[in-house]
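Numbering (our numbering), first residue to last: 1400 to 1489. Just so it is clear, CB atoms sit at the ideal spot from N, CA and C, and this is done for glycine as well. Read through the structure below, which is laid out as structure tokens, and then see the notes.
As structure tokens, then:
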């Protein structure tokens, strides 16, 4: 089992959302959840669509895919079908 730290889920790139934006809390909660569940960052993928929250995968040290509007779930489902061991967040 990997010895992971919370910092292992944080990317070098820092969010540039507006001050007070709720996306900061969502990002922190997602990082904490992945850490507490001991998900291997190299076996985790986060998928996003449009809007400011769509940049979330950019701020995580996991695989991330920024998809087209309305295509998040089909792309995430395809990734899970291709790699059943992958932890998928969409």
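With contact counted as at least three CB pairs below 8 Å, one residue from each stretch, are the segment 1452–1470 and the segment 1409–1429 in contact? At 8 Å Cβ cutoff, the stretches touch.
Give the range of the beta strand (DSSP E) segment to which residue 1441 is assigned. Neither: residue 1441 is in no beta strand (DSSP E) and is coded neither H nor E.
Host beta strand (DSSP E) of residue 1463 (start-end):
Following the DSSP letters along the chain, one finds residue 1463 inside the beta strand (DSSP E) bounded by residues 1462–1465.
Notebook entry, point to check: With distances taken from CA atoms, which of 1429, 1422, 1420 is nearest residue 1461?
Noted result: Selected option, being the one with the closest Cα: 1429.
Worksheet item: Would residue 1432 be called buried (16 or more neighbouring beta carbons within 10 Å of its own) or exposed?
Response: It counts as exposed.
TODO: Tell me where the beta strand (DSSP E) around residue 1486 begins and ends.
DONE: Start and end: 1486–1488.
Am I right that residue 1434 and residue 1489 are in contact with their C-beta atoms under 8 Å? What's the rounded C-beta distance? No, residue 1434 and residue 1489 are not in contact; Cβ-Cβ is about 19 Å, not under 8 Å.
Notebook entry, point to check: Helix, strand or coil for residue 1454 per DSSP?
Noted result: DSSP places residue 1454 within a helical segment (H, G or I) once states are collapsed to three.
* DSSP bridge partner residues for residue 1409 (one or two, in chain order) -> Looking at the DSSP assignment, residue 1409 forms a beta bridge with 1459.
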